[in-house]
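J.:
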Amino acid sequence: MKRAAIIILSIIVAAAVLWVALCAGCNRRTGFDTARMEKADSAVMRAIAAGETPGAVLCVVKRADDRESMGEILYLKAYGNMQVCSGKDPATGELIADTVAMPADAVFDLASVSKCLGTTLAFMRLVEDGLVRLDDNVSRYIPGFEPWEEELSPKEQRRQKRKPERVPITVRQLLTHTSGLPAAIHVPSFLARYEQYGDSVRLNYRDSLVTYLAHDAARLSKPGEEFRYSCLNFITLQALLERVTGERLDRYAAREIFRPLRLKNTWYNALDDAERPYMPDTPIVPTEVQEDGTLLRGEVHDPTARIVNRGVSGNAGLFSTAEDMAVIASMLMNGGTITFPADGIAGKLGEKERVRVLSRRAVETFFTAPEGYEQFGRALGWDVESPYASGNGDLFTPHRTVNHTGYTGPSIVMDLDEGVAVILLANRVHPYDTGSVGRLRIEIADIVASALE
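Position one of the sequence shown corresponds to residue 45 (the working numbering), numbered consecutively onward.
1) Counting only runs that start and end within the segment 395 to 466, where is the beta strand (DSSP E) found for 3 or more residues in a row?
2) Sorted by chain position, which residues of the same chain lie with C-beta nearer than 6 Å to E429's C-beta, five sequence neighbours on each side aside?
3) For the alpha helix (DSSP H) containing K106, name the first residue and the last one.
4) Can you tell which of E300, S455 and Y476 has its C-alpha closest to the C-alpha of K159?
5) Do G95 and G124 count as a contact pair if the criterion is CB distance below 8 Å?
6) For L340, tell me which candidate among I382, M168 and P475 has the shortest Cα-Cα distance.
7) DSSP three-state call for D251: helix, strand or coil?
8) Mark D427 as exposed unless 16 or more other C-beta atoms lie within 10 angstroms of its C-beta, in which case mark it buried.
9) Taking DSSP as the reference, what is the three-state secondary structure of R202?
10) Excluding the 5 residues preceding and the 5 following G224 in the sequence, name in chain order all residues of the same chain whose CB lies nearer than 6 Å to its CB.
11) To the nearest angstrom, how far is it from the Cα of A423 to the Cα of F440?
12) Roughly how many angstroms separate the alpha carbons of S494 and R107, rounded to a whole number?
13) Could you compute how far the alpha carbon of G342 sits from the alpha carbon of F278?
14) Check each candidate in D85, I117, S86 and E82 and name the one with the smallest Cα separation from V464.
15) Among A261, H221, E172 and L196, which one has its Cα closest to the Cα of R206?
16) For K121, which residues in the same chain have their Cβ closer than 6 Å to its Cβ, ignoring the five residues on either side in sequence?
17) Within the continuous alpha helix (DSSP H) that includes D368, where are the two ends?
18) Please tell me whether K132 and V446 are closer than 8 Å, where the distance is taken between their beta carbons.
19) Report yes if the C-beta distance between H345 and T452 is below 8 Å; otherwise report no.
20) Using 8 Å as the cut-off, can you tell me whether the segment 246 to 259 makes contact with the segment 350 to 358, which would need three or more C-beta pairs spanning the two stretches below that distance?
21) So, is R169 buried or exposed, given that buried needs 16 or more other C-beta atoms within 10 angstroms?
22) For A298, name the three-state secondary structure that DSSP assigns.
23) Specify the secondary structure class of N277 as computed by DSSP and reduced to three states.
24) Do L460 and M377 have their C-beta atoms closer together than 8 Å?
25) Would you call the segment 148 to 163 and the segment 317 to 329 in contact, with 3 or more CB pairs under 8 Å?
26) The alpha helix (DSSP H) spanning Y238 covers which residue range?
27) What span of residues does the alpha helix (DSSP H) with Q334 cover, start to end?
28) Of all the options A489, E497, G482 and V492, which has the alpha carbon lying nearest to the alpha carbon of D91?
29) For R169, which of helix, strand or coil comes out of DSSP?
30) Ordered along the chain, which non-local residues of its own chain (more than five positions away) have a Cβ less than 6 Å from that of T280?
31) Which term fits L484, buried or exposed, when burial requires 16 or more other beta carbons within 10 angstroms of its beta carbon?
32) Please look up how many angstroms separate the CB atoms of N313 and P321, rounded, as I've assumed it's under 8 Å.
33) For a test of the three-state rule: what should DSSP assign to K132, helix, strand or coil?
34) Would you kindly work out how many angstroms separate the C-alpha atoms of S113 and V473, rounded to a whole number?
35) Quick one, which of E138, R177, F76 and T310 has its alpha-carbon nearest G162's?
36) With distances taken from CA atoms, which of S233, D260 and C129 is nearest E190?
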């Protein structure tokens, strides 16, 4: 009896030693100090306490060792509230208190992060399929798209014995924000410009905007010479894509990118479609309370994307979750590949299905600042180290980190050498557009970088 007890005790001790060894191996494999992430928790809670955002979701994903599988989610945590009110009381004008805690699977309006995770990914497909070339002139796809023209008076032309220089805008310049187009349109002025031609409900503002961009929008600088962050660049890219494919941006991106990645809740909400792309109980994070007291939820916050482009726009309109974005990041850090468990019995037996979403060369090209454009700090559709690159922090690898931020509060940053992505989804515009998360992004990036052993 005593001998049996000793044997059992020995087995328990051996199992405990093995468990400790496995855990230690796991820690070495991930190389991530989760205890240090308490500082990230504190940073987010400080921002919430200061009224910079009512809530947030933080996700950190590490590239798979085989550079093919789904990356390991090292950290996923929700903070604060996804909602603090349900709108304004029409009688008093006061906010109606209605607090809902933030879930980890909350769906956020990605705002300008749509530029890299929607429009840019779609363009990577167009380029690798040979449908578009980066140095093509935009006028090849949008006939009559005006070039930049040098301002030269008739007197100067006679004196210099030459005509004004004319330089066309290229696809590459749209993707790097060096086209010379203005940053945005003033939506009320734009609507007033076209409402004179008919009933505003029946007018196709999308086509009117493309016509405006082609013929009337200012060319503020010679293409390729100045960086000017512009939503109009990506709305032009959308128009180009839709002419080439004969398909709306959201449908093309869903078929070519989102569905192959098996994303659960990543979509554009096309406001004129009969059906919504989400279930009634989907936890969608609301944005700003409108002038009429209603709360925007599930409709894109950006006015050009919502009012003019009706929910599907090259500059904004994509909604997603932290976990879906982690899948996209894993695919990109793998060089365009990701594997999933196979369907049915095969998956239960450990078999996997390898999905090549994008080519490795396409990923490398779009993540690299083009030759001759390095001084602008932009890759193709992605930020590298421009003045807008707040998500990079100070500790990630210089020149090998790509990122993008969005007006409503979201951001994604990927250190390509370290193989780690940081996804911070905040909701700084709820209930009003008064919050700020620029510094929080930097703090989070530096804390995560320091937690990588």
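Even for Gly, the Cβ is constructed at its ideal location relative to N, Cα and C. Just so you know, these numbers come straight off a predicted model, no measurement behind them.
T.: Per the coordinate set shown:
1) Whole beta strand (DSSP E) segments, 3+ residues: 396 to 400, 445 to 449 and 455 to 459.
2) The residue labelled residue 429 in the question sits at position 385 within the sequence shown. The answer, listed in chain order, is G421.
3) What you label residue 106 is simply residue 62 of the sequence shown in a count that begins at 1. Here K106 belongs to no alpha helix (DSSP H); instead the beta strand (DSSP E) covers G99 to K106.
4) Stepping through the sequence shown from its first residue, residue 159 is reached at position 115. Among E300, S455 and Y476, the Cα nearest to that of K159 is on S455.
5) Taking the sequence shown and counting its residues from 1, one reaches residue 124 at position 80. Taking the sequence shown and counting its residues from 1, one reaches residue 95 at position 51. Contact: no.
6) Counting from 1 along the sequence shown, the entry for residue 340 is found at position 296. Closest option to L340, Cα to Cα, is P475.
7) Against the sequence shown, residue 251 aligns to sequence position 207. Taken through DSSP and simplified to helix, strand or coil, D251 comes out as helix.
8) Looking up residue 427 in the sequence shown gives position 383. Answer is buried; the Cβ neighbour count reaches 16.
9) Numbered from 1 along the sequence shown, position 158 holds the residue referred to as residue 202. Helix.
10) Residue numbering aside, residue 224 sits at position 180 when the sequence shown is read from its first letter. Excluding residues within five positions, the ones whose Cβ falls inside 6 Å are W192, R263, L264, S265 and P267.
11) Working through the sequence shown from its first residue, we reach residue 423 at position 379. Working through the sequence shown from its first residue, we reach residue 440 at position 396. The alpha-carbon separation between A423 and F440 amounts to approximately 17 Å.
12) Counting from one through the sequence shown, the residue named residue 494 turns up at place 450. Counting from one through the sequence shown, the residue named residue 107 turns up at place 63. Looking at the two C-alpha atoms, the distance is approximately 17 Å.
13) Position 298 of the sequence shown, counting from 1, holds the residue named residue 342. Position 234 of the sequence shown, counting from 1, holds the residue named residue 278. Taking the CA atoms as reference points, G342 sits about 21 Å from F278.
14) Position 420 of the sequence shown, counted from the start, is the residue given in the question as residue 464. Across the set D85, I117, S86 and E82, the C-alpha of I117 shows the shortest separation from the C-alpha of V464.
15) What you label residue 206 is simply residue 162 of the sequence shown in a count that begins at 1. Comparing Cα-Cα distances from R206 to each of A261, H221, E172 and L196, the minimum goes to L196.
16) Counting from 1 along the sequence shown, the entry for residue 121 is found at position 77. Answer for K121: L102, listed in chain order.
17) Here the question's residue 368 lines up with position 324 in the sequence shown. Element bounds for D368: A366 to M377.
18) Locating residue 132 in the sequence shown gives position 88, counting from the first residue. Locating residue 446 in the sequence shown gives position 402, counting from the first residue. The Cβ atoms of K132 and V446 lie no closer than 8 Å to each other.
19) Residue mapping note: residue 345 aligns to position 301 of the sequence shown, counting from 1. Residue mapping note: residue 452 aligns to position 408 of the sequence shown, counting from 1. In contact: H345 and T452 (Cβ atoms closer than 8 Å).
20) Judged by Cβ distances under 8 Å, the segment 246 to 259 makes contact with the segment 350 to 358, as three or more pairs qualify.
21) As a working note, residue 169 is residue 125 in the sequence shown. The residue is buried, with at least 16 neighbouring Cβ atoms inside 10 Å.
22) Position 254 of the sequence shown, counted from the first residue, corresponds to residue 298. If DSSP states are grouped into helix, strand and coil, A298 belongs with the helices.
23) As a working note, residue 277 is residue 233 in the sequence shown. N277 falls in the helix class under three-state DSSP.
24) Reading the sequence shown from its first residue, position 416 is the one you call residue 460. Reading the sequence shown from its first residue, position 333 is the one you call residue 377. Taking a C-beta distance under 8 Å as the contact criterion, L460 and M377 qualify as a contact pair.
25) Yes, the segment 148 to 163 is in contact with the segment 317 to 329.
26) Here residue 238 refers to the residue found at position 194 of the sequence shown. It spans V231 to E239 - the alpha helix (DSSP H) in which Y238 sits, taken as one unbroken run.
27) Residue 334 sits at position 290 when you count from the first residue of the sequence shown. Unbroken run through Q334: none, as it is neither H nor E.
28) Translated into positions along the sequence shown, residue 91 becomes position 47. Per the sequence shown, residue 91 should be read as Ala rather than Asp. Nearest option by C-alpha distance: G482.
29) Taking the first residue of the sequence shown as 1, we reach residue 169 at position 125. In the structure shown, R169 adopts helical secondary structure according to DSSP, grouped into three states.
30) Working through the sequence shown from its first residue, we reach residue 280 at position 236. Only residues of its own chain outside the window of five on either side were considered, and among them L218 and L257 have a CB closer than 6 Å to the CB of T280, listed in chain order.
31) In the sequence shown, the residue the question calls residue 484 occupies position 440. L484 counts as buried, since at least 16 other C-beta atoms from the protein chains shown sit within 10 angstroms of its C-beta.
32) Looking up residue 313 in the sequence shown gives position 269. Looking up residue 321 in the sequence shown gives position 277. Rounded, the Cβ-Cβ distance is 6 Å, consistent with contact.
33) Position 88 of the sequence shown, counted from the start, is the residue given in the question as residue 132. K132: strand per DSSP, three-state reduction.
34) For the purposes of this step, residue 113 is taken as the residue at position 69 of the sequence shown. For the purposes of this step, residue 473 is taken as the residue at position 429 of the sequence shown. So the two alpha carbons sit approximately 35 Å from each other.
35) Translated into positions along the sequence shown, residue 162 becomes position 118. If we check each option's Cα against that of G162, T310 comes out closest.
36) As a position in the sequence shown, residue 190 is number 146, starting the count at 1. Between E190 and the set S233, D260 and C129, the nearest pair of CA atoms involves D260.
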